[in-house]
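Q: This is the structure I have questions about; it appears just below.
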Amino acid sequence: MPPKLLWISARMKKVNVFLWIFLGVLTLNSCVTRRNLTYFNNVDRQTADSVNLTYEPIVDPWVQVGSVLTITVSALDLDAVAPYNLPVATFLAPGANAISTTSSLQTYLVDESGNIDFPLLGKVEVAGLRRTEVKAKLEGLLSEQLKSPLVNVNVINQLVTVLGEVKNPGRYNIVNGRLTLPELLAQAGDLTPYGKRNNILLTREKDGKLEFVRLNLNEDEIFKSPYFFLMPNDVVYVSPNSVRAINSQNVSLWLSMVSTVASAATVIVTVINASNK
C-alpha cells in the first residue's frame, strides 16, 4: 500500500476513535447521577440532634408592609361591635345613588408606614408583629371601648413564587402561616432532573431591601437556615444544570452533525481498509 494511503488510513483511524470518544463523553455528561437527584444526602440522626437545638417552627405569620388583613371583632354587645365590622359597599352602577352591601368583610392593607386604618381607632401600627400580636394589640385598644372584645385576624395574601426547573412553576399560598422550602417544591411538583439541588436562589424583601441567598438541598445546614421557612413574597428560583444548558442549544442538531461526521469517517476508513486487501 502506498505510504500516502497508509498515512491517510492512520489519520482516519485516529479521527474515528476521537469521534467515538467524543460521543461517549457527551453521553456521560447527559447522564445525571443518582446522588445529584436526591436531597439531604448528608442528613443523619446526628444532624437531627444538632438541628433541634435551634429549630423553631414558625406557625404564626408575620405582618409586613403590603400585607392584607381581614379583622373581625366580637363582643357580648353585638350592636356595639357593628362599627368595627364594616361590610364591603359597592355602587350598583356608575353614577347611581343607591348602594348595596355584600357579606364579605372589609380588608385592611398595611401601608408603607406599617399602619392600618381601623374604624374608630384610626391609624394602628401592625407591621413587624405576628398575627397573634396584632390580635392582642387590637383587643387591648378595643377594651377601652368594648367589654371583653374578641378579635380575629387573618393574613390573606401570603403568596410565594417558584420559578425555574420545577414541574409547575407559579405562585403558591402559605396555609396556616407556615410553608417550608421542601413543602413549596412539593406543591410545585418537585424539581425536574435538570434542576440544581445545590444552587437554589431565594429572594426576600426585608426592611425595604432585597436579600439574595443560595440554598443547598444536599446539606443538612438547610434545616438551620433562617430561609428554611418561607415568608410572603419570597421568590425561589431553581437553577438549571449543565445538561439543561446543552439541551437548550439545539442538541439534536449537534448530535446529527456528530453522527454524520462519524458515519463519513467510518465509510472512509472502511474504503481504505478494503483497498488494502
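Here the sequence shown stands for residues 3 to 279, where the numbers follow the numbering used here. Note that beta-carbon positions come from the ideal geometry of N, C-alpha and C, so glycine has one too. If you're wondering where the values come from, they're calculated on a predicted model, not measured in any experiment.
Taking its Cβ as the centre, do 16 or more other Cβ atoms sit within 10 Å of residue 188, making it buried, or is it exposed?
A: Answer is exposed; the Cβ neighbour count stays below 16.
Q: In chain order, what residues of the same chain lie with their CB nearer than 8 Å to the CB of residue 132, ignoring the 5 residues before and after it?
A: Excluding residues within five positions, the ones whose Cβ falls inside 8 Å are 62, 63, 64, 65.
Q: Might you give, ordered along the chain, the residues of its own chain that have their beta carbon closer than 8 Å to the beta carbon of residue 110, omitting 5 neighbours on each side?
A: Once the five neighbours on either side are set aside, the close Cβ partners of residue 110 are 70, 71, 72, 73, 118, 119, 120.
Q: How long is the line joining the alpha carbons of residue 32 and residue 245, rounded to whole angstroms?
A: Confidence in residue 32 is poor, its pLDDT being 48 and thus under 50, which makes the residue's placement unreliable; the coordinate value appears in the next sentence. Spanning the two alpha carbons is a distance of roughly 6 Å.
Q: Report all residues from its chain with a CB closer than 6 Å to the CB of residue 202; omit the five preceding and five following residues, and keep chain order.
A: Around residue 202: 217, 240.
Q: Whole beta strand (DSSP E) runs in the segment 182-238 with 3 or more residues, listed along the chain?
A: As far as the segment 182-238 is concerned, its whole beta strand (DSSP E) runs of at least 3 residues are 197-208, 211-217.
Q: Could you name the residues that DSSP lists as bridge partners for residue 125?
A: The partner list for residue 125 (beta bridge, DSSP) reads 119.
Q: I need the DSSP call for residue 2, collapsed to helix, strand or coil.
A: Outside the modelled stretch of the chain, which goes from 3 to 279, sits residue 2, for which no answer is possible.
Q: Would DSSP call residue 76 helix, strand or coil?
A: It is a strand residue.
Q: Here's the rule: buried if 16 or more other CB atoms are within 10 angstroms of the residue's CB, otherwise exposed. What is residue 224?
A: Buried.
Q: When you compare each of 141, 159, 158 to residue 151 by their alpha carbons, which one comes out closest?
A: Comparing Cα positions, the closest option is 141.
Q: What does DSSP give as the partner residues of residue 165 in its beta bridges?
A: According to DSSP, which records beta bridges pairwise, residue 165 is partnered with 239.
Q: So, helix, strand or coil for residue 156, using DSSP?
A: The answer is strand: DSSP assigns residue 156 an E or B state.
Q: Would you check if the distance between the CB atom of residue 67 and the CB atom of residue 116 is smaller than 7 Å?
A: In this structure, residue 116 lies closer than 7 Å to residue 67 by Cβ.
Q: How long is the line joining the alpha carbons of residue 145 and residue 179, rounded to whole angstroms?
A: Cα to Cα, residue 145 sits roughly 27 Å from residue 179.
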